[in-house]
Amino acid sequence: MSADATESWKLTLPCTRDEAEAIDVSEGLEGIAGSPVIITSEEIEDDPDSWRLDAFFSGKPGKAAVAAVRALAPSSAGVKATPERVPDEDWITLSQAGIEPVHAARFYVHTSGNKGDVPPGAKAFQIEASRAFGTGHHQTTTGCLIALDALKVNGKRFRNIVDIGTGTGLLAFAALHLWPRAHATASDIDAAAVDVTRENAAVNGVPLGAGPGTLALAAAPGLEHPLLIGRAPYDLIVANILAGPLIGLAPTIAMALAEGGTLVVAGLLDWQADAVTAAYRRQGLVPSGRTQIGDWPTLTFRKRARYGAARTTRLGPGGANDAPGFGSW
Ligand SMILES: C[S@@+](CC[C@H](N)C(=O)[O-])C[C@H]1O[C@@H](n2cnc3c(N)ncnc32)[C@H](O)[C@@H]1O
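Taking numbering that gives the first Met the number 0, the leading residue of the sequence shown gets 0, the next gets one more, and so forth.
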C-alpha cells in the first residue's frame, strides 16, 4: 500500500516528565512537512520520570519530522523507534483511547470521546489529554480533588483561591465549583498550560474574569506576577508541583496565605513528604491533612491565625505586607 496523507502514522518514544511537560506542539514543529498533528504524553509507571510520548501524523512522516519529534525527547537518544502505520481509525480518538473517565470524590473527569455515564450527583469536567498536565489520572491530581472535596465536606469556606501550577485548570475549576462565590486565580509557569486552561474553562462553562465566581489566569513562576501578588492573601492555595519547587516556594506561598488559610500541596513522593512538611512548618504552617494514593501524598496545611479567627492582611503595594521580601516577587 502506498503512503498518502490520509493515512495515520504514530511515533512512540520514551521520555522524561520534564520533557513531556516542556512540549509545545505549536513551537518548532510547524513548517516541517509531515509534522505531527497531535502529540500526547502520559506517565507509564508510578515513576515521575517515566513517560511516553506519542506523535500522530497524517501521512508517513519524513526524516525531518521524525527528527523534530526526537528532539522533544533527548533522553530517548539511542532508543530504536520507527513510525508505525496506525490502522484506519480516528486517530484523535485513538490517541485518547484507554483514557478512562476518573471519578474522584464528587468529581468525574472525562474526555470528549469518552464521557461514559456520569455518576449521579457527580460534577463532570471535560478535560482532553493535551499539552498540559492534569486529566485527573495522575494520583497527585486525584489526591488534590479528594482533598478539596474533604475541605468542603468539613465545612470550610473560601473566598479567595489560587491554583499554582494549574496545568489543565482542573483543580481551579473544581475549587470554583465547591466555592462558587470565591475569587479564583489559576497560574502556571508554562504559558501553554494557561492557554489550555482558558480553552478548558470555555468548554466547561467556567467564567473567566475578576469578580466573585470567576477565574483569572496568569502565566508566571510561583507567584511572580502582579495579578498573583495583587490578589493575595489567599485563604486557599493549591499547588500540585514538584517537591523541589514546593520547598523553594515555601516562604512565598506561606506569605501569600491568609492567616487561618489552607494550603493543599501535591507533586511529591512519599519519601519527600517530611522535607516538604518541614519547609512549611518553618513558615508557621501546621499539617492538617493527608491523602495518599500509591506513593503520592497530598498534604494539607493551615496557617495559624495569630489573633484567633482567619484574618485578611492586604499584600502588595501599600498593604501591611509591603515589606522586605516582597520586593523580590
Ligand atoms: C504536576 S502538574 C499539575 C497540574 C494540575 N494542577 C493537576 O493537579 O493536575 C504541575 C504543573 O505545575 C507547573 N509548574 C511547575 N513549576 C512551577 C512553578 N514554579 N510555578 C508555577 N507553575 C509551575 C507545570 O508547568 C505543570 O503544569
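Using N, Cα and C, we set each Cβ at its ideal position, and we do this for glycine too.
Q. So what's T11 in DSSP terms, helix, strand or just coil?
A. For the purposes of this step, residue 11 is taken as residue 12 along the sequence shown, with counting starting at 1. Strand.
Q. Cβ of S49 within 7 Å of any heavy atom in ligand 2?
A. In terms of ligand content, the structure shown lacks ligand 2 and carries ligand 1 instead.
Q: Assuming V237 contacts V195 (C-beta within less than 8 Å), just tell me the rounded distance between them.
A: For the purposes of this step, residue 237 is taken as residue 238 along the sequence shown, with counting starting at 1. For the purposes of this step, residue 195 is taken as residue 196 along the sequence shown, with counting starting at 1. 17 Å between Cβ atoms; not a contact.
Q: Could you name the residues of the same chain whose beta carbon sits closer than 6 Å to that of A173, not counting the 5 residues immediately before and after it, in chain order?
A: Position 174 of the sequence shown holds residue 173. Once the five neighbours on either side are set aside, the close Cβ partners of A173 are F106, L144 and L147.
Q | Separation of L298 from S287, as counted between CA atoms | A | On the sequence shown, residue 287 is found 288 positions in, with the first residue counted as 1. On the sequence shown, residue 298 is found 299 positions in, with the first residue counted as 1. Taking C-alpha positions only, S287 is separated from L298 by approximately 8 Å.
**Q.** Euclidean distance between Cα positions of P119 and G61
**A.** By 1-based counting over the sequence shown, the position of residue 119 is 120. By 1-based counting over the sequence shown, the position of residue 61 is 62. Each residue's Cα considered, the two are about 48 Å apart.
Q: Answer yes or no: does any C-beta atom of chain D fall closer than 8 Å to that of A181?
A: This model lacks chain D altogether; it includes just one protein chain.
**Q.** Inter-residue Cα distance where the pair is A63 and T15
**A.** Within the sequence shown, residue 63 is the residue found at index 64, counting from 1. Within the sequence shown, residue 15 is the residue found at index 16, counting from 1. Distance between the alpha carbons of A63 and T15 is about 22 Å.
Q: Give the C-beta separation of A200 and G166 to the nearest angstrom, bearing in mind that I take them to be a contact with Cβ-Cβ under 8 Å.
A: Position 201 of the sequence shown, counted from the first residue, corresponds to residue 200. Position 167 of the sequence shown, counted from the first residue, corresponds to residue 166. Their Cβ separation, rounded to whole angstroms, is 13 Å, which puts A200 and G166 out of contact at 8 Å.
Q | Short Cβ contact (8 Å threshold) for A72 with L52 | A | Residue numbering aside, residue 72 sits at position 73 when the sequence shown is read from its first letter. Residue numbering aside, residue 52 sits at position 53 when the sequence shown is read from its first letter. With contacts defined by Cβ atoms closer than 8 Å, A72 and L52 form a contacting pair.
Q: Label T92 either buried or exposed according to how many other C-beta atoms from any shown protein chain fall within 10 Å of its C-beta, with 16 as the threshold for buried.
A: Residue 92 sits at position 93 when you count from the first residue of the sequence shown. Any reading at T92 needs caution, since the residue's pLDDT is 48, under 50, leaving its predicted position unreliable; the model's value is listed next. Burial call: exposed.
Q. Looking only at C-alpha atoms, which of D234, A128 and F124 sits nearest to W178?
A. Sequence index remark: in the sequence shown, residue 178 carries index 179 (1-based). Nearest Cα to W178 within the set D234, A128 and F124: D234.
**Q.** Residues bridged to T110 [DSSP beta-bridge criterion]
**A.** Here the question's residue 110 lines up with position 111 in the sequence shown. N113, per the DSSP bridge assignment.
Q) Taking 7 Å as the cut-off, is the CB of T165 close to at least one heavy atom of ligand 1? A) Your numbering for residue 165 matches position 166 in the sequence shown. Yes - ligand 1 has a heavy atom lying nearer than 7 Å to the Cβ of T165.
Q: Give me the Cα-Cα distance between W8 and P100, rounded to the nearest whole angstrom.
A: Walking along the sequence shown from the start, residue 8 turns up at place 9. Walking along the sequence shown from the start, residue 100 turns up at place 101. Roughly 26 Å separates the two Cα atoms.
Q: Using beta-carbon positions only, say whether I252 and A274 come within less than 8 Å of one another.
A: Numbered from 1 along the sequence shown, position 253 holds the residue referred to as residue 252. Numbered from 1 along the sequence shown, position 275 holds the residue referred to as residue 274. Contact: no.
Q) Where does E83 land, buried or exposed, given buried means 16+ other C-beta within 10 angstroms? A) Here residue 83 refers to the residue found at position 84 of the sequence shown. Its Cβ having fewer than 16 others within 10 Å, E83 is exposed.
Q: Determine the extent of the alpha helix (DSSP H) in which D330 is found, giving its start and end residues.
A: Residue coverage of the chain in this structure runs from 0 to 328, which leaves residue 330 outside it and unanswerable.
**Q.** I160 and A183 closer than 8 Å at C-beta
**A.** To locate residue 160, count along the sequence shown from 1; it is residue 161. To locate residue 183, count along the sequence shown from 1; it is residue 184. At a Cβ-Cβ threshold of 8 Å, I160 and A183 count as neighbours.
Q) On the three-state DSSP scale, how would you describe R84? A) What you label residue 84 is simply residue 85 of the sequence shown in a count that begins at 1. Strand.
Q.
Would P296 and A272 qualify as a contact pair, given that the criterion is a beta-carbon distance under 8 Å?
A. Translated into the one-based positions of the sequence shown, residue 296 becomes position 297. Translated into the one-based positions of the sequence shown, residue 272 becomes position 273. Yes, Cβ-Cβ distance for P296 and A272 is below 8 Å.
Q. What is the residue span of the alpha helix (DSSP H) that E198 lies within?
A. Numbered from its first residue, the sequence shown carries residue 198 at position 199. From DSSP, the alpha helix (DSSP H) with E198 extends over A190 to V202.
Q | CB-CB length for G135 against L175, believed under 8 Å | A | Position 136 of the sequence shown, counted from the start, is the residue given in the question as residue 135. Position 176 of the sequence shown, counted from the start, is the residue given in the question as residue 175. That pair is no contact at about 16 Å.
Q. Is the beta carbon of L227 within less than 7 Å of some heavy atom of ligand 1?
A. Position 228 of the sequence shown, counting from 1, holds the residue named residue 227. L227: no, Cβ never under 7 Å from ligand 1.
Q | Residue nearest to L12 in terms of C-alpha spacing, selected from S74, G58, K59 and F56 | A | Numbered from 1 along the sequence shown, position 13 holds the residue referred to as residue 12. L12 has its Cα closest to that of S74, out of S74, G58, K59 and F56.
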